[in-house]
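Going by the working numbering, the first residue of the sequence shown is number -8, and it counts up by one from there. The structure appears right after this line, and notes come after that.
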Amino acid sequence: MDSIRDISTSTTRGGIVTRFIGDTAVEYSLLTDPTSLGERLQTLSSIANAIRELSIRGIGDVVVSPDRVTVIYDPLLIDCLTTFEARVHAALTQPQSPPTSGKLHDVPVRYGGESGPDFDAVCRAHAIDSKTLIQLHTEPEYVVTAIGFVPGFPYLEGLPKTLETPRLSTPRRRVPAGSVGIGGSQTGVYPFETPGGWHLIGRTDTTFFDPIHSPPALLQPGDRVRFYETNHVDPAPNHATTAEPKGTTPNYITILEPGLMTTVQDLGRSGFRASGFPSSGAADRVSAILANSILGNPENAAVLEYTLLGPTVQFKTDCFIAIAGATNNSLATLRPIRVRRGDTLHLGHVAKGCRGYLAVAGGFCVPLVLNSCSTYMPAKLGGHGGRSLQTGDQLAIGEPLVTSFSTTWSLANDVVPLPTSPCTLRILPEGPVSAAHRAMTSTPMNVTAQSDRMGIRFHGALPPLPATSLSRAVLPGTIQLPPDGKPILLLCDAQTIGGYPVLGQVIAADLPRAAQLRPGDTVCFSETTLADAHRLFRHQHDILGTVQQGITHALGLAGKAE
-8 MDSIRDISTS
2 TTRGGIVTRF
12 IGDTAVEYSL
22 LTDPTSLGER
32 LQTLSSIANA
42 IRELSIRGIG
52 DVVVSPDRVT
62 VIYDPLLIDC
72 LTTFEARVHA
82 ALTQPQSPPT
92 SGKLHDVPVR
102 YGGESGPDFD
112 AVCRAHAIDS
122 KTLIQLHTEP
132 EYVVTAIGFV
142 PGFPYLEGLP
152 KTLETPRLST
162 PRRRVPAGSV
172 GIGGSQTGVY
182 PFETPGGWHL
192 IGRTDTTFFD
202 PIHSPPALLQ
212 PGDRVRFYET
222 NHVDPAPNHA
232 TTAEPKGTTP
242 NYITILEPGL
252 MTTVQDLGRS
262 GFRASGFPSS
272 GAADRVSAIL
282 ANSILGNPEN
292 AAVLEYTLLG
302 PTVQFKTDCF
312 IAIAGATNNS
322 LATLRPIRVR
332 RGDTLHLGHV
342 AKGCRGYLAV
352 AGGFCVPLVL
362 NSCSTYMPAK
372 LGGHGGRSLQ
382 TGDQLAIGEP
392 LVTSFSTTWS
402 LANDVVPLPT
412 SPCTLRILPE
422 GPVSAAHRAM
432 TSTPMNVTAQ
442 SDRMGIRFHG
452 ALPPLPATSL
462 SRAVLPGTIQ
472 LPPDGKPILL
482 LCDAQTIGGY
492 PVLGQVIAAD
502 LPRAAQLRPG
512 DTVCFSETTL
522 ADAHRLFRHQ
532 HDILGTVQQG
542 ITHALGLAGK
552 AE
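And the structure:
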């Protein structure tokens, strides 16, 4: 990493445009758009396959969207971006095998009524009757150009121009699973209940994502889809979920009061964004790592994450715990704490920060879903039954790696300082400078109460950006600007592909700080450079490593003393 240096954020070579997106992603797009959709998809899929076959250490995901390929990388593992870029471009000049996918899928849809709450509005917008809308929507053979937004969500190209409908000015906070929507020039299906900004015209019971299948998404780029009208209602669920754990082990905790948005999280999952599955994991990764490190757990051990109000927990075994992240006025954080069988821990309201992390020596035991324990609530997958914890839930505790602790030490509270209001978040801007960019970096903005693990929403209204016709890959840290002018900073549970214009990307080093912002906090955005973003991320990693070395020393002393 000493050789990492700033390079041009946009270059063109061999007909391929390379553009760095924030400090953790690179986009590859075609300088000249092929004449046919099939040729474009084949070229993009070939680019994605060529990059995957390189097996470059540090590449986490390769995502195909309708007009580009996005590569997500770890700045800590990519030694030199210039060398990385050269290897990729060298691979792209070699002949590539065409993708083999291209299956035809027939999908039944119930149009209008409760199944399609925007059906009548779309009819009025285009001055057509309901029969014509259904006929126009079912006539084409659509092509899957990308999978994203949420797991299994297909972006379908081929919508008749007479049905093209702008996205909603303000996204819905809840779209029912199976909803069929229109967004701009595309149509698609929401596999899970999730927020969304497309006009909903119908609903289907077809399952579009199942984590036990390989690949987990039903559709792949290049597949074809035909819709047909039906009135049949399938009573079976239209997607797989994580089953509720059964039974208990001798070592476990019981949730007496769940708090707010208390979920099981680890450091998230990588490698599945191409199927629309986001990283999830702890929103404040640094705090989760510290809580585990204090107890000698692996960094990726499962912890409990809570928001503003912590749970009340009863322990059914003797164990050691640690609390990190958001703080309250009565509990010690950043230190090992001994608890006895029958003890009750009341975490209560947090006084500073937003998200707290409760770790237990040995970690919490829940089933792995796509290589992670993390809860992803929009799809009801992972964690404890794919949901936030409820009163009466029981969570098993694993075998600790360290069994003897000194509890007389703690980390300094300023090891990872919580944000104060106003809080500065550093960004890498995107696109040409506009009135919206200038307003965002010159006007403080306030966090709204509608913020969650999918994104932080801000009060105020920025000048609009030109609408985008095609969706593209987005990441934690992406700042989207919907038509209502209220920016959204995407977090760990956010969609993998989105269609709203993008203002820029909060740098990776500042995402833990962003995750600790509370409703009402004031945020100031400040521009930085790619080189500085990588330097700051490395500095944060080095500080964390130094702290972990100190913890290891303390744990070693504890073992000798006791």
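Don't be surprised by glycine CBs; every beta carbon is placed ideally from N, CA and C.
As for any beta strand (DSSP E) of minimum length 3 sitting wholly inside the region 365 to 416, the runs are 385 to 388, ordered along the chain.
Nearest C-alpha to ARG444 among CYS483, PRO410, LYS477: CYS483. Beyond the five residues adjoining it in sequence on each side, PHE140 comes within less than 7 Å, by CB distance, of GLY267, GLN486, THR487, ILE488, GLY489 in the same chain, given in chain order.
The three-state secondary structure of PHE528, taken from DSSP, is helix. When the alpha-carbon of SER442 is set against those of PRO420, PRO478, LYS371, THR459, the nearest one is in PRO478. Counting other Cβ atoms within 10 Å of its Cβ, TYR146 reaches 16 or more and is therefore classed as buried.
Burial check for ALA370: the Cβ neighbour count within 10 Å reaches 16 or more, so the residue is buried. Considered as a whole, the region 71 to 145 harbours 72 to 83, 110 to 117, 121 to 129 as its complete alpha helix (DSSP H) runs of no fewer than 4 residues, in chain order. Minimum Cα-Cα distance from GLY333 among the listed residues ILE246, SER517, CYS345 corresponds to ILE246. Rounded to whole angstroms, the gap between the alpha carbons of HIS204 and LEU32 is 24 Å. Here the region 524 to 537 lies against the region 497 to 506, with 3 or more beta-carbon pairs under 8 Å apart. Annotation for ASP475: SER160, THR161 place their beta carbon closer than 6 Å to its own, counting only its chain and skipping 5 residues before and after. The C-alpha of THR61 is placed about 15 Å away from the C-alpha of SER270.
For ALA350, the uninterrupted beta strand (DSSP E) segment begins and ends at 343 to 351. By the Cβ rule, the region 413 to 428 does not count as touching the region 341 to 351, because fewer than three pairs are nearer than 8 Å.
Rounded to whole angstroms, the Cβ separation of GLY193 and ARG101 is 6 Å, and the two are in contact under 8 Å. Classified as buried, ALA208 has 16 or more neighbouring CB atoms from the shown chains inside 10 Å of its CB. A direct Cα-Cα distance of roughly 30 Å separates GLY188 from LEU300. DSSP, reduced to helix, strand and coil, places SER56 within a strand of the structure shown. A direct Cα-Cα distance of roughly 35 Å separates PHE75 from VAL255. The Cβ atoms of LEU338 and GLY250 lie closer than 9 Å to each other.
Where LEU502 is concerned, there is no enclosing beta strand (DSSP E), although the alpha helix (DSSP H) around it starts and stops at 502 to 506. Residue burial is scored here from C-beta neighbours: PRO410 has at least 16 other C-beta atoms within 10 angstroms and is therefore classed as buried. As for any beta strand (DSSP E) of minimum length 3 sitting wholly inside the region 467 to 520, the runs are 469 to 471, 479 to 481, 493 to 497, 513 to 518, ordered along the chain. One alpha carbon belongs to GLU184, the other to GLY104, and they sit about 18 Å apart. In this structure, the CA atom of ARG217 is about 11 Å from the CA atom of GLY179. Under the 8 Å Cβ criterion, the region 278 to 298 counts as touching the region 354 to 374, having at least three qualifying pairs.
Spanning the alpha carbons of LEU127 and ALA440 requires a straight line of approximately 40 Å.
The bridge partners DSSP lists for TYR181 come to none.
Burial check for PRO467: the Cβ neighbour count within 10 Å reaches 16 or more, so the residue is buried. By the neighbour-count definition (other C-beta atoms within 10 Å, threshold 16), ASN242 is a buried residue. With a cutoff of 9 Å on beta-carbon distance, ARG158 and ALA458 are scored as near each other.
The beta carbons of LEU546 and GLY287 sit about 5 Å from each other, so the pair counts as a contact at 8 Å. Only residues of its own chain outside the window of five on either side were considered, and among them VAL514, CYS515, PHE516, SER517 have a CB closer than 8 Å to the CB of THR415, listed in chain order. Annotated three-state conformation of GLU30 is helix, per DSSP. Counting the other CB atoms within 10 Å of its CB gives ARG509 a total of 16 or more, which places it among the buried residues.
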